[in-house]
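Chains as they are written, first to last, in the working numbering: chain A, 1 to 380; chain B, 381 to 760. We put the beta carbon where it would ideally sit given N, CA and C, even for glycine. Scroll down for the structure; my scribbles are underneath it.
2 protein chains.
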Amino acid sequence: MENKNFSFELIKECPHTGARAGILHTPHGDIETPIFMPVGTQATVKGLRPDDLHDMEAQIILSNTYHLFLRPGHEIVKKAGGLHKFMNWNKPILTDSGGFQVFSLADMRKVSDEGVEFKSHLNGEKIFITPEKAIEIENALGADIIMAFDQCTDAKEDGGASYAEALEARRKTKLWLERCVKAHNNPNQMLFPIVQGNIYKDIRAMCVEDCLPYAKCGIAIGGLSVGEEKSIMYDILDFLNPILPHDQPRYLMGVGSPDCLVEGYARGIDMMDCVLPTRIARNGTAFTRKGKIAIKNATYKEDFSPIEEECDCYACKNFSRAYIRHLINTNEMLGAELLSIHNLRFLLKFAKDCRNAILNDNFKEFHDEFMASYKIKNRF
Amino acid sequence: MENKNFSFELIKECPHTGARAGILHTPHGDIETPIFMPVGTQATVKGLRPDDLHDMEAQIILSNTYHLFLRPGHEIVKKAGGLHKFMNWNKPILTDSGGFQVFSLADMRKVSDEGVEFKSHLNGEKIFITPEKAIEIENALGADIIMAFDQCTDAKEDGGASYAEALEARRKTKLWLERCVKAHNNPNQMLFPIVQGNIYKDIRAMCVEDCLPYAKCGIAIGGLSVGEEKSIMYDILDFLNPILPHDQPRYLMGVGSPDCLVEGYARGIDMMDCVLPTRIARNGTAFTRKGKIAIKNATYKEDFSPIEEECDCYACKNFSRAYIRHLINTNEMLGAELLSIHNLRFLLKFAKDCRNAILNDNFKEFHDEFMASYKIKNRF
């Protein structure tokens, strides 16, 4: 399928790292890369409104096919006029295929070449998802970027997938990708193939080969940030960078701590998403340029300064750490809302700063300075 | 204490009912009465931001002394520069005295003339609140309008307070009011005495007499909407209307369904507050001019119209019933936020419509038309 609705312009490349700045053109507008994508699992970024997302300069958000298939059902979203209209978000949307959730949330999976039979994590209802079904759902949802249905394997050192399991998952992922491509025929949606292969570089390379014929304007990397150490992920990204299509955006799925963002961008990644910023917000944790802070800490009891002096988000412009601490301690929704706004704005601004550093030829310095001052955990 | 920071202008009175339109001047701005006041128990109207409250034209909000005393503590709010600054709300605020919560939430009460000893509903800590302490806390919070510390009695027909109990509560309430007045010396805060007396009219009349010497620019009616039938409350309000100060705003505490609003206004009430609009919002219930609707109802599954076509709130201008239903069904915070915005805007707009009807000499018709079309429950 030819597609003139999507194109990717590579504007600048960092001479010292793999970092790239570009623009991805989509039917709902342009996306300036590298970018972080807020996650709105159930057609809402938890606690926030579309206006908040516009204010924080979100360019694209992600939503989850598995969740929307279960509730409210893709047919209802289709009748509403698609996901953009349903949730009142007129900029680009990306949907995953549901593959990851089927393998992480659902019970009693039976995986065959045909597809996956599983029980809904909500009501135990038996469901059968095939690549064709995943594409049908994603077509109905109507996101700009949609993902192929794939098989994701665990990458934990202690009990992750064996080489044989990863190889078998690769076989199914390839088979399913071919069927996804065949089933998909909406020119307003760009299908991204997903590179699996776990921590095994030769399988990763096979997966890239599998994807290449079908990657038209974007390719995704799945099966990382699923339990392995960060250094292992970076090693895989270093390995993949030279063999991924140079002229297409690369999307690293489900990764979103500040250090992973800058390290991912440094390895040629253009797009990333994660529930981390909103999930930790609900637990009272805020990103700062020096590392995360737990706002419940007694240190902030009488701290009437904003989360970060230099931050331009709604939370930092209007409220103190002491107030947000009070909201979190009393389980008030506004606490989660304000920290979600801050954490997302932090990552979006950080992605923009990374992009500007690439454009201004100082990404390497930017990267090094940030990594020197940011407190990092080795585990996700 | 003389007070030039507060005054009440009575602009218009309905010739057929007791309804009145006025303006209450306060240090943080004017309040056009009759009015409904959103409740922000813990220094936040649940789920909403100050901007939302401005957008929906809230003129004054209420916050709860008991809750803020427990968390974060009034000293912290004082250090923050007061409640207005702490929660970033620059219009008028009213705080209750904590009396109602002490009698409804706290455990193991020991009531004496001196005050009330009780255990915190949060951690069981033993606390002693006196009228002086209540005023000290309210002074620290710094609301524009503060309430006297009173003893509220149940008014349920099946097991409410006896005549003797109501009489004893009146005695304490009078004693405590005198001590509150003595303890209070901040000219930027207007102290409202509270008329108790349960469902006993002669005790209500005594309470009015008790309050009159201390009511300078406002008087409150407590101990209603606590279990009795609405008709009993209306009867008490009819009784009180002619004996309350004519030139001061009258605040009916804790009442806020649309029918109670219009019926209360018709009986000379100028101010009302209630958690109802935000509480039912979190359960998925929306006000409409025809009555309440439960958005979870399957009827709304594919209803892509707004909650109310004619409503100008953020929820109605941007989202469908089907979408809000999905959010409530999936326990997404945004569902509660949107319904809270709608329900509060509904009541604020309704109060404004009542006021305009009074100003335009057609409040009686407005009242009758509304009551004829709105589905009412006899119980609170």
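N-terminal and C-terminal residue of the alpha helix (DSSP H) that residue i is part of
| i | result |
| --- | --- |
| A:G284 | A:G284 -> no alpha helix (DSSP H), and no H or E assigned at all. |
| B:E745 | F743 to S753 |
| A:G335 | M333 to L359 |
| B:K458 | H454 to K459 |
| B:G540 | Segment: none, B:G540 is in no alpha helix (DSSP H) and carries neither H nor E. |
| B:P430 | P430 to D435 |
| B:G479 | G479 to S484 |
Beta strand (DSSP E) segment containing residue i, residue limits
| i | result |
| --- | --- |
| B:K326 | With chain B covering only 381 through 760, there is no way to say anything about residue 326 of chain B. |
| B:G445 | For the sequence presented, residue 445 of chain B should be read as Thr rather than Gly. Where B:T445 is concerned, there is no enclosing beta strand (DSSP E), although the alpha helix (DSSP H) it sits in stretches over T445 to L450. |
| B:V491 | D487 to V491 |
| B:M467 | First-last for B:M467: L463 to M467, but that is the alpha helix (DSSP H), not the beta strand (DSSP E). |
Contacts that residue i makes with chain B (C-beta to C-beta distance below 9 Å)
| i | result |
| --- | --- |
| A:Y214 | The contacting residues do not exist; A:Y214 stays about 33 Å from chain B at best. |
| A:I76 | K681, E682, A702 and H706 |
Where residue i meets chain A, residues with beta-carbon distance less than 8 Å
| i | result |
| --- | --- |
| B:G664 | None at all; the shortest Cβ gap to chain A is about 14 Å. |
| B:L714 | T44, K46, G47, L48 and R49 |
| B:A486 | Correct list: empty, because the minimum Cβ distance to chain A is about 17 Å. |
Where residue i meets chain B, residues with beta-carbon distance less than 8 Å
| i | result |
| --- | --- |
| A:P72 | K681, A702, R705, H706 and N709 |
DSSP bridge partner residues for residue i (one or two, in chain order)
| i | result |
| --- | --- |
| B:F388 | B:L404 |
| B:F416 | B:M652 |
| A:I145 | A:L94 and A:M190 |
| B:G409 | B:T406 |
| A:Y117 | In the sequence under discussion, the amino acid at residue 117 of chain A is Glu, which differs from the Tyr named in the question. DSSP lists A:K110 and A:F128 as partners of A:E117. |
| A:L62 | A:V39 and A:L94 |
| B:E516 | In the DSSP output, where bridge partners are listed per residue, B:E516 has none listed. |
CB contact check: residue i to chain E, cutoff 9 Å
| i | result |
| --- | --- |
| A:K91 | Within the model displayed, chain E is absent; protein chains A and B are what it includes. |
Within chain A, partners of residue i - CB distance below 7 Å
| i | result |
| --- | --- |
| B:N795 | The structure shown does not extend to residue 795 of chain B, since chain B spans only 381 to 760, so no value can be given for it. |
Per-residue contacts from residue i into chain A (C-beta, under 9 Å)
| i | result |
| --- | --- |
| B:A514 | Under the 9 Å cutoff, chain A gives no residues; its nearest Cβ is about 20 Å from B:A514. |
Partners in chain B for residue i, counting only beta-carbon separations shorter than 7 Å
| i | result |
| --- | --- |
| A:K79 | E682 |
Which ranges would you report for the beta strand (DSSP E) in the segment 164-243 of chain A if only whole runs of at least 3 residues count? 190-192 and 219-221
Ignoring anything shorter than 3 residues or poking outside the segment 630-706 of chain B, list the beta strand (DSSP E) runs there in chain order. 630-632, 651-653, 665-668 and 671-674
Under 8 Å, with one C-beta from each stretch per pair, do the segment 445-454 of chain B and the segment 512-521 of chain B reach the 3-pair mark? yes
For the segment 72-80 of chain A and the segment 104-115 of chain A, state whether three or more C-beta atom pairs, one from each stretch, are separated by less than 8 Å. no
On the three-pair Cβ rule with 8 Å, is the segment 215-234 of chain A touching the segment 184-200 of chain A? yes
With a cut-off of 8 Å, do at least 3 Cβ pairs link the segment 631-649 of chain B to the segment 542-558 of chain B? no
Are the segment 623-635 of chain B and the segment 672-690 of chain B touching, with three or more C-beta to C-beta distances below 8 Å? no
Check whether the segment 306-324 of chain A and the segment 4-16 of chain A touch, using three or more Cβ-Cβ pairs below 8 Å as the test. no
Counting pairs of Cβ atoms below 8 Å between the segment 117-124 of chain A and the segment 170-179 of chain A, do you hit three or more? no
If you pair each beta-carbon of the segment 307-316 of chain A with each one of the segment 337-351 of chain A, do three or more pairs fall below 8 Å? yes
So does the segment 456-471 of chain B actually touch the segment 413-428 of chain B, counting three or more Cβ pairs closer than 8 Å? yes
Would the segment 47-55 of chain A count as touching the segment 287-298 of chain A if we require 3 or more Cβ pairs under 8 Å? no
Touching by the beta-carbon criterion (3+ pairs, under 8 Å), the segment 662-669 of chain B and the segment 618-627 of chain B: no
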